[in-house]
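Enquirer:
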Amino acid sequence: MAFAASELPADSAVGNTSLFGSNEITQKDGWLGEKYLEYALAHLLLRHTPDSHEIISLNGSLFQELAGFRYDNLCRQLRNNGVRQYRSPAPGHFQGHVNFREDAVCWIGAIVRRGTKNERAILDHAIVDNSDSHSPTFNSTTDITTSAQTVVTNQEESPDEEPTSTDSESDIWLYTNTLQERFAGKDVVPIYEETMIRRYPPRFRAVVTFRGKNFSGEAGNKKLAKHRASKKLCGAFEIEVREP
Numbered sequence: 001m002a003f004a005a006s007e008l009p010a011d012s013a014v015g016n017t018s019l020f021g022s023n024e025i026t027q028k029d030g031w032l033g034e035k036y037l038e039y040a041l042a043h044l045l046l047r048h049t050p051d052s053h054e055i056i057s058l059n060g061s062l063f064q065e066l067a068g069f070r071y072d073n074l075c076r077q078l079r080n081n082g083v084r085q086y087r088s089p090a091p092g093h094f095q096g097h098v099n100f101r102e103d104a105v106c107w108i109g110a111i112v113r114r115g116t117k118n119e120r121a122i123l124d125h126a127i128v129d130n131s132d133s134h135s136p137t138f139n140s141t142t143d144i145t146t147s148a149q150t151v152v153t154n155q156e157e158s159p160d161e162e163p164t165s166t167d168s169e170s171d172i173w174l175y176t177n178t179l180q181e182r183f184a185g186k187d188v189v190p191i192y193e194e195t196m197i198r199r200y201p202p203r204f205r206a207v208v209t210f211r212g213k214n215f216s217g218e219a220g221n222k223k224l225a226k227h228r229a230s231k232k233l234c235g236a237f238e239i240e241v242r243e244p
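For the sequence shown, counting from 1, position 42 maps to 42 in full-length UniProt numbering; every step adds exactly one.
1) Which ranges does the alpha helix (DSSP H) cover as unbroken runs of at least 4 residues, wholly within the segment 20 to 91, from first to last along the chain?
2) Rounded to whole angstroms, what's the CA-CA distance from Q180 to L174? Just pull it up for me.
3) Beta-carbon within less than 7 Å of I108's beta-carbon, same chain only, minus the 5 sequence neighbours each way: which residues are those?
4) When burial is assigned at 16 or more other CB atoms within 10 Å of the CB, is Q27 buried or exposed?
5) Taking DSSP as the reference, what is the three-state secondary structure of K213?
6) So G217 and K226 are in contact, right, with Cβ under 8 Å, and what is the actual spacing, rounded?
7) Over what stretch of residues does the alpha helix (DSSP H) that includes E102 continue unbroken?
8) For the putative contact between L44 and V128, defined by C-beta atoms under 8 Å, what is the C-beta separation to the nearest angstrom?
9) For the putative contact between D29 and A104, defined by C-beta atoms under 8 Å, what is the C-beta separation to the nearest angstrom?
10) Since V207 sits in a beta bridge, which residues does DSSP pair it with?
11) Using the Cα positions of I25 and F63, report the straight-line distance between them to the nearest angstrom.
12) Have a look at T176, P202, M196 and P201 and flag the residue whose alpha-carbon is nearest the alpha-carbon of P190.
13) For the putative contact between N130 and N80, defined by C-beta atoms under 8 Å, what is the C-beta separation to the nearest angstrom?
14) Should E38 be flagged as near chain B, meaning a C-beta pair shorter than 8 Å?
15) For E119, I'd like the list of residues in its chain whose CB is within less than 6 Å of its CB, leaving aside the five on either flank, ordered along the chain.
16) Assuming A229 and V207 make a contact with CB atoms under 8 Å, what is their CB distance in whole Å?
17) Leaving out five residues on either side along the sequence, give the residues of the same chain with a beta carbon under 6 Å from the beta carbon of T195.
18) Are the CB atoms of G60 and residue 259 within a distance shorter than 8 Å?
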C-alpha cells in the first residue's frame, strides 16, 4: 500500500522528532489521511471479496469498514512501534476527551507525506491489524512488532458491561466532575480518550487512563461513555463522590 516515495522529505533526515506541522499542513494531512485510509481499506476488501460482488455491495462494505475501524488501537500501535508522535497533550492538562478519528487520519497523512520508509510500513501493517478485514492471509514483507495490541489487556472492565446498564448521564456525571476537581493542577491526572465503535446505531467507547490502569465505558453518546469510565476509575481507587 505504501507509495514508492513520500511527497515530502522524511523528517528524520533533519533530525526532527515530531511529524506535526503548521495548521495549514495539518488540514492537508487530515485530507490525505482520510483518502489513504479509504484506499487501504478498499484494497483489503477486494482481497477478501468474491469477484461476483457488485460495486454497490462493495461501497456498503467499505462504509462499514470505515465505521468500525479501530482508530484508538491504530494510534496506540503506531506509538508503541516507535512512529514519531503527531501531537500529545501538555503534562498536567486534564483532557476532556481525545478525538481518535481526527488525530488518526492526520497522523496517517503525515506519515504518508513525511514519514520514513519504515514508518510507512508500520502504518500499513497497523491499518490491516485494525480493520474488520484483517486476515492471516494478508502478506506483509515487513518485520513489525505489534505489542500495542496487548495494551488493552489490563482494561478494568467486563466485555459486555454496558448494553444492559441503566446508568443515565444525569445520574453519573458526578464521577467525572469529582475527578476534574480532585486532580485539577496535579502532575498526574486522568487522561480521557474516546472513539466511535459503531455508526448505526451509534456506539462510543471512552477510556480513562490513570496510574497505568485503563477504565472504559461504552454508551450511545460520548458524554455517557465518559461518565461510565469515570465511575469505574472512582470505584477502583475508592474515590468518594459527593452530591453537590
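Virtual Cβ for every residue (Gly too), placed ideally from N, Cα, C.
Expert: According to the data block:
1) 23 to 47, 55 to 68 and 71 to 80
2) 10 Å
3) Hits under 7 Å: G33, Y36, L37 and L123.
4) Answer is exposed; the Cβ neighbour count stays below 16.
5) strand
6) Taking 8 Å as the upper bound for CB-CB distance, G217 and K226 are in contact here, some 7 Å apart.
7) F100 to R114
8) 7 Å
9) The pair is not a contact, with the Cβ atoms about 11 Å apart (cut-off 8 Å).
10) E193 and S216
11) 27 Å
12) T176
13) Going by Cβ atoms, the distance from N130 to N80 rounds to 13 Å, so no, they are not a contact pair.
14) You won't find chain B in this structure, because it holds only one protein chain.
15) Within the same chain, E119 has close Cβ partners V83 and I111.
16) 6 Å
17) Y71, D72, F100 and R205
18) Residue numbering for the chain in the displayed model covers 1 to 244; residue 259 lies beyond these limits and cannot be assessed.
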